[in-house]
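Engineer: First to last, the sequence lines map onto chains A and B.
Each residue of the first sequence is one higher than the one before, starting from 1 at the first, in this note's numbering.
Each residue of the second sequence is one higher than the one before, starting from 1001 at the first, in this note's numbering.
Glycine included, every Cβ here is placed at the ideal spot set by N, Cα and C.
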Amino acid sequence: MTTFIHRRAGVSELNDLIESAPDEIVTLDDDHRRSLGARFRAVPASGHRRIDAWNVERAGEPAHAFRWSPATTRRTLGNAALRRLLRDPLCGVLDAINREIDDQLMRDVAGYAPRASMASWLASLHESELALVRADATNWALQMHEIALGIELPWRVCASDAFYDIARARTTLRGRQDLEVTLPDRRVLLRIRSGSPGKSSGPGLRSDLTIATLSHPHGVAPARMIGLWPESGVCLGVDGTMSDLRAGARDLVRTAVAQQRQRQQVAA
Amino acid sequence: MPTLTDSPRNVMEALRGDRSRRPRTDVTSAPGLRAMLEDGIFDFWTSAPATPVIVRASSLCNANASTDIALSNHARLRGVLINQLVRLFSVGATITSAFDDAFRAWRLEVNGGELYEYAQRLDGDDLARLATDVTSHYVTLSRALGTIPAQFQPRSAVRASVMLSGGTILLRDVIDLMVGTTLGQVANVALFDVTTSPLGAGAERSMRYHALVQTLRSGVVPLRTSVFSSATGEMWTLDVDAELLRRSVVDVLETIRAMVQHT
């Protein structure tokens, strides 16, 4: 039996959702990893495939070609700015965003930025376009800071998303995570998304939960994975139970199968 | 009773007001307002529509809930470009050429659509006319807006989408500029909307709608809601209170009823 919790995204509701995370800690061991790997290897891959919660929510439908835009850079810049802000509390949010962008531009000038990277894209922008990128990243950082400051337990901004490579299956799983809240003996992960949650948001959250567990060095599952949609004022949660982890893994494998079928149809 | 003020010396001054006179943060009204909306919808709802009914601030301005055909592409594009300038202002960008900067910023975000195609088709004369128009609105806006201090935590183009009645009704909104935070002991979120039209009867409904949707979205009642006309330099500001939000609930219910009957 899987879990699914729906709440308003108010400060007290979010704190209740974090504090009521289940006490039982679930762990994925080597047998689970081997079993998942075998299932992915059974799905033929024409190239290296990357699967994330968005692919799961879209049932493996091919996404539009990626292009850099203010919307695709805001989370990276916003989260990095927030980490900088926590290291240096005297720095304001806008200052932190400016410094992050300056760092990216420096990387490009120094020749460390690959072509098609965010740094080289930012370097190609006009001053007014860069200001728009800054405005979008500031929105993201302020919104996330506001959410984080409302959390009563210790929290940190995740250093990166969760990545898990499946050996000999040419597959990389990417789990989105923005904030980690530490409770005694367990952790709760928060993921922030724009727009409104849809019917497939539950499976998306479960996939992120599974990937976060797989990428943990000891396979320890977060007690709860919470998805926040600040635009709608809604948050959804799934618990780190074995049923939810299994459901998440099944959805990831199904997505790989759906992607492969769609590729075959396109090729035919 | 909320009061309307007009033509401030400085927009930020009017939005933030006297800190010592701010009310305590109201986190209790949102569930009641949502319940009023849900009950109101239930009273006239006969069957769920096939597609969700989408309410926007513009829906409240049009009494018959139809699109105003007088709203030309030129006016819409001008409005979009002025909104881009507000976004650039919010991060303290230096604007050298209002039209060029706004147009560049807008082109970075859009990748198609009716307005994009309209902009592509503009010839030299039309572009010059639009540029003059945008520049004149920008001058009015920049004089009133001044510098937005970073400590006010300005956020631009803040989107909201509140679902009602099991997702069959969507209240959508975009707030051009929002300053302040929902955290804290006293209310300090101020909403600022910019329009390139002169302020009319619909503007007040639209201000109330912004306050209502922001309350439903965040669960916290904002301090003020305001609208600024870059055509006339006029600004209306309302302190948000329970009465204003209740009036907005009535506005929204009337609009939904009209939209449902219309379809």
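Applying the 10 Å Cβ sphere with the 16-neighbour rule, what's the burial state of Ile-1041 (chain B)?
Structural biologist: Locating residue 1041 (chain B) in the second sequence gives position 41, counting from the first residue. The residue in question, Ile-1041 (chain B), is buried, as its Cβ has 16 or more Cβ neighbours within 10 Å.
Engineer: What do you reckon, are the CB atoms on Pro-222 (chain A) and Leu-252 (chain A) nearer than 8 Å?
Structural biologist: Taking the first residue of the first sequence as position 1, residue 222 (chain A) is located at position 222. Taking the first residue of the first sequence as position 1, residue 252 (chain A) is located at position 252. No.
Engineer: Given that Leu-153 (chain A) touches chain B, what residues does it touch there, using C-beta distances under 7 Å?
Structural biologist: Along the first sequence, one-based indexing puts residue 153 (chain A) at 153. Within chain B, no residue comes near Leu-153 (chain A); the closest Cβ sits about 16 Å away, beyond 7 Å.
Engineer: Is any non-hydrogen atom of the ligand FAD found closer than 7 Å to the C-beta of Thr-1096 (chain B), if you look at the structure I gave you?
Structural biologist: In terms of ligand content, the structure shown is empty, and the ligand FAD therefore cannot be addressed.
Engineer: Flag Arg-1078 (chain B) as yes if its beta-carbon sits less than 8 Å from any beta-carbon of chain A, otherwise no.
Structural biologist: The sequence position of residue 1078 (chain B) within the second sequence is 78, counting from 1. Chain A, which has no Cβ nearer than 8 Å to the Cβ of Arg-1078 (chain B), makes this no.
Engineer: Among A:Ser-69, A:Thr-171 and A:Leu-179, whose alpha-carbon lies nearest the alpha-carbon of Met-118 (chain A)?
Structural biologist: Numbered from its first residue, the first sequence carries residue 118 (chain A) at position 118. The shortest Cα separation from Met-118 (chain A) among A:Ser-69, A:Thr-171 and A:Leu-179 belongs to A:Ser-69.
Engineer: Just to confirm, is the Cβ distance from Leu-1015 (chain B) to Val-1252 (chain B) under 8 Å?
Structural biologist: On the second sequence, position 15 is the one that residue 1015 (chain B) refers to. On the second sequence, position 252 is the one that residue 1252 (chain B) refers to. Not closer than 8 Å, so no.
Engineer: So, is Ala-1160 (chain B) buried or exposed, given that buried needs 16 or more other C-beta atoms within 10 angstroms?
Structural biologist: Within the second sequence, the letter at position 160 stands for residue 1160 (chain B). Its Cβ being crowded by 16 or more others within 10 Å, Ala-1160 (chain B) is buried.
Engineer: Do three or more CB pairs link the region 1202-1209 of chain B to the region 1236-1248 of chain B at distances below 8 Å?
Structural biologist: Because the criterion of three Cβ pairs below 8 Å is met, the region 1202-1209 of chain B and the region 1236-1248 of chain B touch.
Engineer: Can you find the residues in the same chain that come closer than 6 Å, C-beta to C-beta, to Gln-259 (chain A), ignoring five residues on each side of it along the sequence?
Structural biologist: Taking the first residue of the first sequence as position 1, residue 259 (chain A) is located at position 259. The residues are Gly-60.
Engineer: In terms of alpha-carbon separation, which member of B:Gly-1112, B:Thr-1182 and B:Arg-1257 lies closest to Ala-148 (chain A)?
Structural biologist: Taking the first residue of the first sequence as 1, we reach residue 148 (chain A) at position 148. Among B:Gly-1112, B:Thr-1182 and B:Arg-1257, the Cα nearest to that of Ala-148 (chain A) is on B:Thr-1182.
Engineer: Taking beta-carbon pairs under 9 Å, can you tell me which members of the region 47-79 of chain A lie near chain B?
Structural biologist: So the close ones are Arg-67, Ser-69, Pro-70 and Ala-71.
Engineer: For the region 1119-1148 of chain B, list every residue whose C-beta sits within 9 Å of some C-beta in chain A, in sequence order.
Structural biologist: Cβ contacts with chain A: none found.
Engineer: From Thr-1232 (chain B) to Ala-110 (chain A), what distance separates their C-alpha atoms?
Structural biologist: As a working mapping, residue 1232 (chain B) is identified with position 232 in the second sequence. As a working mapping, residue 110 (chain A) is identified with position 110 in the first sequence. Thr-1232 (chain B) and Ala-110 (chain A): Cα-Cα distance of roughly 49 Å.
Engineer: Unbroken alpha helix (DSSP H) runs of length 4 or more, entirely within the region 1102-1133 of chain B: which are they?
Structural biologist: Listed in chain order, they are 1114-1121.
Engineer: DSSP on Tyr-112 (chain A), reduced to helix/strand/coil?
Structural biologist: Looking up residue 112 (chain A) in the first sequence gives position 112. Tyr-112 (chain A): coil per DSSP, three-state reduction.
Engineer: Please classify Ala-1070 (chain B): does DSSP put it in a helix, a strand, or coil?
Structural biologist: Your numbering for residue 1070 (chain B) matches position 70 in the second sequence. Summary for Ala-1070 (chain B): the model assigns pLDDT 46, below 50, so the residue's position carries little reliability; its value from the coordinates is reported in the next sentence. In the structure shown, Ala-1070 (chain B) sits in coil (DSSP, three-state: anything other than H, G, I, E or B).
Engineer: So with CB distances below 8 Å, who are the chain A contacts of Glu-1109 (chain B)?
Structural biologist: To locate residue 1109 (chain B), count along the second sequence from 1; it is residue 109. Ordered by position in chain A, the residues that pass the 8 Å Cβ test against Glu-1109 (chain B) are Ser-69, Pro-70, Ala-71 and Leu-132.
Engineer: Whose C-alpha, out of A:Thr-210, A:Thr-138, A:Ile-18 and A:Thr-172, is nearest the C-alpha of His-48 (chain A)?
Structural biologist: Against the first sequence, residue 48 (chain A) aligns to sequence position 48. Among A:Thr-210, A:Thr-138, A:Ile-18 and A:Thr-172, the Cα nearest to that of His-48 (chain A) belongs to A:Thr-172.
Engineer: Taking the straight line between their C-alpha atoms, what separation do you get for Glu-180 (chain A) and Arg-99 (chain A)?
Structural biologist: Reading the first sequence from its first residue, position 180 is the one you call residue 180 (chain A). Reading the first sequence from its first residue, position 99 is the one you call residue 99 (chain A). The straight-line gap from Cα to Cα measures roughly 24 Å.
Engineer: As a quick exercise: from A:Arg-7, A:Asp-52 and A:Gly-78, pick the residue whose alpha carbon is nearest that of Asp-178 (chain A).
Structural biologist: Translated into positions along the first sequence, residue 178 (chain A) becomes position 178. Checked all of A:Arg-7, A:Asp-52 and A:Gly-78; the closest Cα to Asp-178 (chain A) is A:Gly-78.
Engineer: In three-state DSSP terms, what is Thr-1025 (chain B)?
Structural biologist: Taking the first residue of the second sequence as position 1, residue 1025 (chain B) is located at position 25. Thr-1025 (chain B) falls in the coil class under three-state DSSP.
Engineer: Should the region 78-94 of chain A be regarded as contacting the region 1011-1026 of chain B, the criterion being three or more beta carbon pairs within less than 8 Å?
Structural biologist: At 8 Å Cβ cutoff, the stretches do not touch.
Engineer: Select from B:Ala-1098, B:Ala-1102, B:Thr-1028 and B:Ala-1119 the residue whose C-alpha is nearest the C-alpha of Ser-1264 (chain B).
Structural biologist: Within the shown structure, residues of chain B are numbered from 1001 to 1263, placing residue 1264 (chain B) beyond reach of any answer.
Engineer: Less than 7 Å between C-beta atoms, sequence neighbours within five positions excluded: which residues of the same chain meet that for Asn-15 (chain A)?
Structural biologist: Along the first sequence, one-based indexing puts residue 15 (chain A) at 15. Ile-151 and Glu-152, listed in sequence order.
Engineer: Measuring CB atoms only, is the region 118-133 of chain A touching the region 1074-1093 of chain B, in the sense that at least three cross pairs come out at less than 8 Å?
Structural biologist: Result yes; three or more Cβ-Cβ pairs closer than 8 Å.
Engineer: Which same chain residues, not among the five before or five after Thr-73 (chain A), have their C-beta less than 7 Å away from its C-beta?
Structural biologist: Residue mapping note: residue 73 (chain A) aligns to position 73 of the first sequence, counting from 1. So the list reads Met-118, Val-133 and Ala-137, once near-sequence residues are dropped.
Engineer: Measure the C-alpha to C-alpha separation of Thr-1268 (chain B) and Leu-236 (chain A) and round it to an integer number of angstroms.
Structural biologist: Since the first residue shown for chain B is 1001 and the last is 1263, residue 1268 (chain B) is missing from the structure and cannot be characterised.
Engineer: Pull up the distance between the alpha-carbon of Ala-248 (chain A) and that of Pro-22 (chain A), whole angstroms please.
Structural biologist: For the purposes of this step, residue 248 (chain A) is taken as the residue at position 248 of the first sequence. For the purposes of this step, residue 22 (chain A) is taken as the residue at position 22 of the first sequence. Note that residue 248 (chain A) is Gly in the sequence shown here, rather than Ala. Cα to Cα, Gly-248 (chain A) sits roughly 18 Å from Pro-22 (chain A).
Engineer: Which word fits Gln-1185 (chain B), buried or exposed, when buried means at least 16 other C-beta atoms lie within 10 angstroms of its C-beta?
Structural biologist: For the purposes of this step, residue 1185 (chain B) is identified with residue 185 of the second sequence, where counting begins at 1. With fewer than 16 Cβ atoms within 10 Å of its Cβ, Gln-1185 (chain B) is classed as exposed.
Engineer: So, for Leu-94 (chain A): in the same chain, excluding its five sequence neighbours on each side, which residues have a beta-carbon less than 7 Å away from its beta-carbon?
Structural biologist: Counting from one through the first sequence, the residue named residue 94 (chain A) turns up at place 94. Once the five neighbours on either side are set aside, the close Cβ partners of Leu-94 (chain A) are Thr-138.
Engineer: Below 8 Å on the Cβ atoms is my guess for Leu-122 (chain A) versus Leu-105 (chain A); work out the distance and round it to an integer in Å.
Structural biologist: Position 122 of the first sequence, counted from the start, is the residue given in the question as residue 122 (chain A). Position 105 of the first sequence, counted from the start, is the residue given in the question as residue 105 (chain A). So it is a contact: roughly 6 Å between Cβ atoms.
Engineer: Whose C-beta lies closer than 6 Å to the C-beta of Val-1221 (chain B) among residues of the same chain, with five residues either side of it excluded?
Structural biologist: If you number the second sequence from 1, residue 1221 (chain B) lands on position 221. Correct list, in chain order: Asp-1026, Ser-1029, Thr-1215 and Val-1240.
Engineer: According to DSSP, simplified to helix, strand and coil, what is Ser-1229 (chain B)?
Structural biologist: Counting from 1 along the second sequence, the entry for residue 1229 (chain B) is found at position 229. Looking at Ser-1229 (chain B) - three-state DSSP - the assignment turns out to be strand.
Engineer: Got a sec? Which residues, its chain only, sit under 7 Å from Val-26 (chain A) by beta carbon, not counting five neighbours each side?
Structural biologist: Position 26 of the first sequence, counted from the start, is the residue given in the question as residue 26 (chain A). Ala-221, Gly-240, Thr-241, Met-242 and Leu-245, listed in sequence order.
Engineer: At what residues does the beta strand (DSSP E) containing Met-225 (chain A) begin and finish?
Structural biologist: Start at 1 with the first residue of the first sequence, and residue 225 (chain A) comes out as number 225. Here the beta strand (DSSP E) through Met-225 (chain A) covers 224-229.
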